[in-house]
Structures are given as C-alpha cells and as structure tokens.
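Report on the following structure.
Protein chains in written order, with the numbering used here: chain U, 1 to 174; chain B, 1001 to 1775.
In structure tokens, the structure reads:
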C-alpha cells in the first residue's frame, strides 16, 4: 500500500507563505499580516493539506465564547479569547481548497481534523460565517452536517467590499 | 629549519656562534630574541651575510614585512654560495609564496652542499608548484636515496617520472617498491597498495600498451580493492585489444553495479558491435536491458537518441517514455527529453505527443497534478522554441491551477527574463521563494534574479538567509567571500558593472540637457565611482580566490604521497593546470577586460585634457574634495553592507580603482590574460582581448597571430567568414599605416601575412572585404 495521496501537515514559519497564497487565491476576503503571524501561535488550530506532496488547502480555526457576539468580519478575525473565559465553540476563520483540487476529499479531511480538535478541547460546537451568495459552499457544509441559522448577519462583509455583504452562520454540533 | 650539527661549516668567529644561537631561537619561533642577536652581529660586522638573511626572515615574521626582502637581497648578493643564506632565502620566498625564487634558492642551498636533506623535499614541492618537472625528477630521486624507507618517497619519484612522460621508469619504480614492501604489508596499508597498483596500471595503459596493462591488472587482481576501477580498466583494455566478447561480459557486470550510467550502455553496444546492426536489433537489446533494470532511465531513454524521428517506433517509444513521467508528476520530464530537441523532427513528434495528451487525456485523469505538470512541460517546450507568448500562456494557466507549486514560479520568472522583464522576473522568483523559505534552490535563484535586475541589496539580503551573519554585521557579504561563493561574487560584480554604466548614460543625458543641475550631477558622478569600484572589487575577489585554489595544491605534493592517492593527485594537477580557462574565471576576465579598456580610454583622454586645460581640473578637484567629505557619512552605511572582510581597508574598491587608473592598465590586463595563451587557446575571448592588447601596445606581429588564432577557433565548427575577424584585419592594417613609429620591416611582414592569410583582403576593397566577412 502506498501512502495516502492526501496528507495533512503543520504550519511552520517556513511554509507560512503557502498558507497565505492559498487564502489569497481562493477567498474573496483578506486577512491582515498580523493574523498570519499569529497563526503560528500554539493555541491556534491550523493545518495545511497536501495532495501528492503539493500544498493545496488550508484551514484555520480558534476557540471562542459565543456569548461575545461580533457583528463584522474584521472583528471576528481579530477577536482572541481571554484565557479566563471558558470557550464553548470552535470558530472556523478561514478554510480554502484550491479549485483544481476540489471533490477529492481534501476538505473533508481538514474538517475531520477540526472536529477532532474540537472534541479534544471538550467543546461541542463548530461554527462559521459564509457569504450569503456562496451557494456551493453552503451546500457543502450542509452535506457535512452543518445547520444553517435562519438569521442573517447584516453587512458582515461590508468592509471587505463584497456585493450583498450579508452572511449566514452555520453550526455543527459534535 | 634544522641545522645539522655534523658537517655544518666550522664557525670561525663570534658572529657565527651568535648566529647559531639566533638560528635556534628562530627555529623555536622566538623571532624577537633572534632579531636581537642578529642585530648585535650586524653592528659588529654589517657584512655578515647569514645574519642579514636571518634578519630578513625574522622581520617578515614579526610583521615588519617591508623590511624583509631588502635584507634577503643583500644577503644573497654578498654570499650567494653560502648554503645557509640560500636556504634562508628559499624559506623567505616560500613564505611569501614566490615559488619560482624559492625553488631557485632551495636548489642553490642543496647544490652548495647543505647537509639538510629535507630541503630536497621542500624543493620538490616548489618545483611541482611551478611545474618544473625536469628538475623535479632529480630532487625527488635524491630525497629518495636519502630516505628510502618510506613508500611515499618511491611514489613521489614515480609521479615525477610520470609527469615527465617517462613511463617505463615510473612503472619500474612502482614495481620495485611493491616487491620490497610486499612482505611487510599490514591491513592498514592495503588501500595504498591498491591505489598504487592501479596507478601503475594506468601508467602502463597511458604508455600505449593495453596488453601489458591487462596482464598486469590480472596479476595484481588480489591487491586491488577498488573493484569498480578494476572492472572499468579491464573492460577498457579488452575493447582496445579487440576482445569484444569478453569486454561485453565486463560491461554487463558494470551495469549490474550501476545501471544508471549511460556510458556503460554505449560501451556495451560498442563491444557487442550492435551499433552497426539493424535498428530492430538495437531496440530489442534495450528492451531486454530495460526488463533487467526496470527502474533505470538510460535503457528507456537511449533508444530515443538513435531511432530516427521518421520511424514509427520513435513515436511509440517516446510516448512510452514521456507520458508515464507526466502521470507520475516527474518535474524533470522536459529536462529529460531536451537532449532530443537538437533534432527538430523529434521535437515536433514530442510536441504532438504531449499536446494530444493534454487535449484528450488529461481531462479524464482524476489526479489534478497531471494537468499542471503537463502545462509545465508545454510551457518549457515553447520557451525552448522561444515562442514566449505560448510559453507565457501555459505557465500562467499552470499558476492559476496550482499557485503553490514552486517550480512554476521559477519557470514563469525564466519566461519573463527572456522577455527582458528583469525586475518582474525577480519579483516572481521571490514570490515563489516565499512559499518555501527552506528551499535553498529557489533562494539561490531568487538571489540571482535580483542581481540580474540590479537589485543588489535585495539579492544579498536574500542569500544572507543561508549564510553566517556575525554580530554587528547587517548581512552575509563577508561570509560569502570567505565561503568562496563565486557565483554570488560574479553576479554582483556584473550587477555593479551594469549599474555604473546606467549612471554613465544618465551623466551624458545630464550634460546634454539644457538646465544645469550640479547637485544631481555630482550625485551621479559619485555613484559611477562607487559602483565601478565595487565591480572591480568583486571581480578581483574571484581572482584572489582562484589564486588560492592554485596555491591550495601545495599541501597535496606531500599529502597525496603519504596517503597513497597518486591517481587523484595527478588529476588534481591536471585540473589546476586549467583553472584559468574555467567558465567562471573567463567570465571574470571578460568583465575585467571591459573595465580595463574603459579605464585605459579615460587615461588617454585625461592626458589630453591635462595638456589642454590644467587649471580647470584643479578647481574641480577642490570642489570634489568638499563633496567627498559630505558624502563620507552616507558612505559608511553603504560600507557596512558591502564589506568583503572584517575591517576592509578598501571596502568600495576605491583604492583599487585609483591605483589601476595610474598604472600601466594594458600591461596589467596582459598579465591577467597571459595564462590563457596556453590554458585558454581554444577560447574566443582569449584572442579577442589579446588582439586588442597587442594592437594598443603596438605589437603588430602578435596582433596578427591573435587574429589568426581567432579565425581558427571560429572556423573550426563552420567555414564562415566572420565579422569579428574581418573587422580586425582591416583595423590592424589601418593602424599599421597610421603608426609613424612602426618599424618598416615589421609593417611589411604583417601586411604581407595579412594578405596571404586572408587572400581576399589583398584582392578586394575594404568595403567589399568586410561585406564577405559579415557572418
């Protein structure tokens, strides 16, 4: 048996550029330089996925407490949980698979990793924002058990310059 | 140095006794104490030659270097036949790496009866260093007679004979010591024994007697530990002796050892005589070999080199070769087939195979990487054809598909480079580099591309990620010099050259423009000076490194004998004999020659200007001094970045530049090119530059010979009439007729020879001649 063609690996200071590149190419939103630097901190949940040794996807999440509502994309990215507050959810900040490498199970593998991490932290909820027009992504999450919250977050992506800047929140209980 | 007690000259005076005492101190490196004694001696008797010589040596070692050679010279002038003086002179010149003089005086010491036999050994090192093989034989032989108990000394004598092409003497020396030592060998000596046996064998073969070599090889079989060399030698001899079948057996054995060595396949075919057999037979042979060695590349690739493109089998085989590599995602697929591209028809077949695969098959394959590797292949293919538009399209598609694949950025940058977009190319290369900071390959590439875009600071900062950056240093520039990173040095030298030329153009523009802008002009002038100095400095750094390379062989003259590695030693000597014609060194010379010629033109112009207008320049100089003081502050920042060693005395190459500008530039350049007359006689650069030098120096006969040599090299491949030759013929003839000082007889000889070598020059008008020589 050969090795699995899809494998996961850690983010390091040397391949940070790859993480950045994948997000920049795939996602319509942008992340500040500091956000990337902070990705290397030990408390962050982050992983790269490789297809045939080529990095093609990346995910980043963090623990949050849902009682602190953040109404905009920028705020959501900046927010870091205070060590005194007990987290009750894992929030996915970025999740990107290069278009040419979709449909071969890479996203599922990264999601499984997040689910595993969530359980390890004794947290039972994963949540994220999705752009309201992004039908295929919403479908993908729903296919993997996420439930769409009917409430719309108004103007969530406004400062990012997206058309229809509203977002849905999707949740998965684990 | 040790003074033998017995047989040394009788010390007649107090001076001699003192001197002996001083010598002892000198030997134990107490130079200052030795100096005191010697000085006391010289006070009493200023003609005491030994003391003078010793003073010279001591002065050198206590750091008073300028006061060393005068004393040595005085000493050898006073009593050149005193072996102590000779020996000290030899030691002094060896220390300052003047091997010619060192050899001369060490030899004199020995000839004048010095009882100190290690002199002979030192002498032999000097003689090898200066390639005086004729005398080397004697010193090695004499030393062997003095110390026959060491095998190294026997090997050394054999090497000396070998270097003189006295093969039978070399072989008999080696055979003799083998016989003497055979009984006493321990396991630790086995390697040396094996190497010496193979060395002996290679000499026999070199002498042109493969039969005897083969016989000896078999006789020595038990001594030889290097099984690979044994097989290679044996197979080679068998081939030379027409023992084809036996040779083929040996080559099959060699293939079992290493089935990736393409050379073995060729030699196997040679021994099987299959090259002249029908194509099918050859194809079958390789199919069989490919089954034996399924993981090896040559049996799959080599048939593609000999099957004609028109044969159907070529397409089938090429398909079988290329497509699996694309499917596996082998990055080097294109590089693997590139050798076939010399044949345009084969190129076309391959283009068809890959294009068809891309259009019809790639979409059906589940693995997305096949898509990107195929795009990558096609981009390289069209880049090879210089179809930059198509190459760009394919590489851009590939980048859209897989923007995290580092190879794609390298290729994209390469395409941009061919489009002369050097800055954009370096940006792309850096973008690729940022994907994987650990990748030294792309780090190097990014550095090089920054240099090509004249972005020297960024280049050095990039490469500094992989150098040692000591405390207080802003980058790894010093480490790069220490590590002899020639490729960095030459790229930066060339970048600095381009930069100062850019500023020169700017200066011309400023001078021609309407509005005066003195401030800006000063700035530009200063930049020209700085970058020219730096270019000169970097080029010279490589010259220095090559001098080191040459000096480095010194240790091997004894080390290789003791280690018993004469075969590698001979290879090293041969390599050293050619280092001045290596691509790196000639690239340096090319860069330097253009700076030298430029400086020479300026020197001439300055002399003319000086005559014309003395006062004006003086005024300007005064002004410049003021400016310089201001600029010095700015400079210190720059200096921190470009220093080549700690406390660099001339960090910007300023002194180099001014020294050069005041020297005989053309003669200096000639000295740089002198080694190339032998080592680089097949290089175009050698004769192009030497011609120009000779022309300036008024050495017309030599200039003529340079043209002839150049013509010979250029026409060796194709019998064209080259512009580079024609223009020189005309130029030489015109210069001759204009030079009033030329000796009439010489002018006649050159003129005649020009006509006899280039008959059309005599028959046609200059214009018509140049039209013919226009390739």
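Just so you know, even glycine gets a beta-carbon here, dropped at the ideal spot from N, CA and C.
Asked                                                                                                                               : Found
Nearest residue (CA-CA) to residue 126/U, options 65/U, 89/U, 169/U                                                                 : 89/U
Selection of the segment 1368-1398 of chain B by Cβ proximity to chain U, strictly under 9 Å                                        : 1368, 1369, 1371, 1372
Minimum Cβ-Cβ distance from residue 30/U to chain B less than 8 Å                                                                   : no
Contact set between residue 1404/B and chain U, taken where Cβ atoms lie within less than 8 Å                                       : 18, 21, 22, 54, 55, 56, 98
Beta-carbon proximity check, residue 97/U vs residue 105/U, cutoff 8 Å                                                              : no
Test item: CB-CB of residue 1226/B and residue 1194/B under 8 Å                                                                     : yes
Counted within 10 angstroms of its Cβ, other Cβ atoms place residue 118/U as buried (16 or more) or exposed                         : buried
Pick from 1743/B, 1448/B, 1476/B that is closest to residue 1494/B, judged by C-alpha positions                                     : 1448/B
DSSP-derived helix/strand/coil call for residue 1618/B                                                                              : Here residue 1618/B scores only 49 on pLDDT, less than 50, and its place in the model is too uncertain to base an answer on.
Cβ-Cβ distance between residue 1680/B and residue 1581/B below 8 Å                                                                  : yes
Sequence-distant residues of its chain with Cβ nearer than 7 Å to residue 1706/B (five each side left out)                          : 1687, 1690, 1691, 1694
Residues of the segment 1411-1445 of chain B with Cβ closer than 7 Å to any Cβ of chain U, in chain order                           : 1434, 1435, 1436, 1437, 1438
Validate contact between the segment 1085-1099 of chain B and the segment 1066-1075 of chain B using beta carbons, cut 8 Å, 3 pairs : yes
CA-to-CA distance, residue 1293/B to residue 1282/B, given in whole angstroms                                                       : 16 Å
Cβ pair count under 8 Å reaching 3, the segment 1051-1058 of chain B against the segment 1027-1040 of chain B                       : yes
8 Å CB neighbourhood of residue 1576/B in its chain, flanking five on each side removed                                             : 1549, 1550, 1553
Enclosing alpha helix (DSSP H) for residue 1426/B [first to last residue]                                                           : 1422-1433
Test item: CB-CB of residue 1665/B and residue 1652/B under 8 Å                                                                     : no
8 Å Cβ cutoff met for residue 1435/B and residue 1406/B                                                                             : yes
Under 7 Å by beta carbon: chain B residues contacting residue 14/U                                                                  : 1436, 1437, 1438
Pairwise C-alpha distance: residue 1176/B and residue 1560/B                                                                        : 20 Å
Beta-carbon proximity list for residue 59/U, same chain, < 6 Å, skipping 5 on both sides                                            : 47, 95, 110
Range of the contiguous beta strand (DSSP E) that encloses residue 55/U                                                             : 54-64
Check whether residue 1311/B and residue 1279/B have beta carbons under 8 Å apart                                                   : yes
Three-state secondary structure assigned by DSSP to residue 1670/B                                                                  : helix
C-alpha gap between residue 1668/B and residue 1316/B, whole angstroms                                                              : 60 Å
Cβ contact (3+ pairs, closer than 8 Å) linking the segment 1714-1727 of chain B and the segment 1740-1747 of chain B                : no
Chain U contact for residue 1329/B (CB, 8 Å cutoff)                                                                                 : yes
Best match in 1331/B, 1256/B, 1444/B for proximity to residue 1228/B [C-alpha to C-alpha]                                           : 1256/B
N-terminal and C-terminal residue of the alpha helix (DSSP H) that residue 1087/B is part of                                        : 1083-1095
Amino acids of chain B, ordered along the chain, whose beta-carbon sits closer than 8 Å to that of residue 25/U                     : 1403
Those residues which DSSP pairs with residue 132/U across a bridge                                                                  : None, per the DSSP bridge assignment.
Proximity test, Cβ basis, 8 Å: residue 36/U and chain B                                                                             : no
Secondary structure of residue 163/U, DSSP reduced to three states                                                                  : coil
Burial state of residue 1335/B, where buried means 16 or more other Cβ atoms lie within 10 Å                                        : exposed
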